[in-house]
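Structure first, then comments.
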Amino acid sequence: MLWVISLFGELGHTMNAQPVIYCDNLGATSLNVNPVFHSRMKNIALAYHFVREQVQKGTFRVSYVSTKDQHADRLTKPLPRTKFDYVMSKLHLFYRSSNLRGNVIDK
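The following block contains the structure:
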């Protein structure tokens, strides 16, 4: 995320809105917002602290999204056929089936 923000800056594009990282974990989302919980969390990975600092700086924000609405899961996890078809339609991708039945005509 920070690399993309930096790239846009180098290309002369300014961010009109604060980028959002969507997370399906309420605990992780609340830890980024509420510093009171921070003192209880001593064995958190260094990456968490980095993200939290960026949220405090206003570089981006973390927002909760339910698992069923998590876009990354739709692209990385197996889906039932109905959900797969739904995702395909949202991405404007459609099946193009070819009719491979028939005979070969000799000339």
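Sequence positions in the sequence shown follow mature numbering (1 follows the signal peptide of the UniProt record, and there is no 0) and run -17 to -1, 1 to 90.
All residues carry an ideal CB built from backbone N, CA and C; glycine is no exception.
Given residue i as reference, the closest of the options once Cα atoms are compared
i: Asp52; options: Thr42, Asn86, Lys73; result: Lys73
i: Ile4; options: His(-5), Leu(-16), Leu(-7); result: Leu(-16)
i: Gln37; options: Asp68, Leu62, Cys6, Pro2; result: Pro2
i: Asp7; options: Asn(-2), Ala55, Leu(-7); result: Ala55
Through-space distance from residue j to residue i, alpha-carbon basis
i: Val76; j: Leu58; result: Here the sequence assigns Leu to residue 76, which means Val is not the residue at that position. If you take the alpha carbons of Leu76 and Leu58, they lie about 13 Å apart.
i: Thr42; j: Thr65; result: 37 Å
i: residue 101; j: Lys60; result: Outside the modelled stretch of the chain, which goes from -17 to 90, sits residue 101, for which no answer is possible.
i: Phe67; j: Arg84; result: 26 Å
i: His(-5); j: Lys40; result: 20 Å
i: Asp33; j: Leu(-7); result: Looking at the sequence provided, one finds Phe at residue 33 rather than Asp. Distance between the alpha carbons of Phe33 and Leu(-7) is about 25 Å.
i: Ser49; j: Arg79; result: 32 Å
i: Tyr47; j: Ala(-1); result: 18 Å
Residue i, buried or exposed, once every other Cβ within 10 Å from all chains shown has been counted against 16
i: Arg35; result: buried
i: Val87; result: exposed
i: Val45; result: buried
Sequence-distant residues of the same chain with beta carbon closer than 7 Å to residue i, five excluded per side
i: Met(-3); result: Ile(-13), Phe(-10)
Chain-order list of residues whose beta-carbon lies under 8 Å from that of residue i (same chain, five-residue window excluded)
i: Leu62; result: Val70
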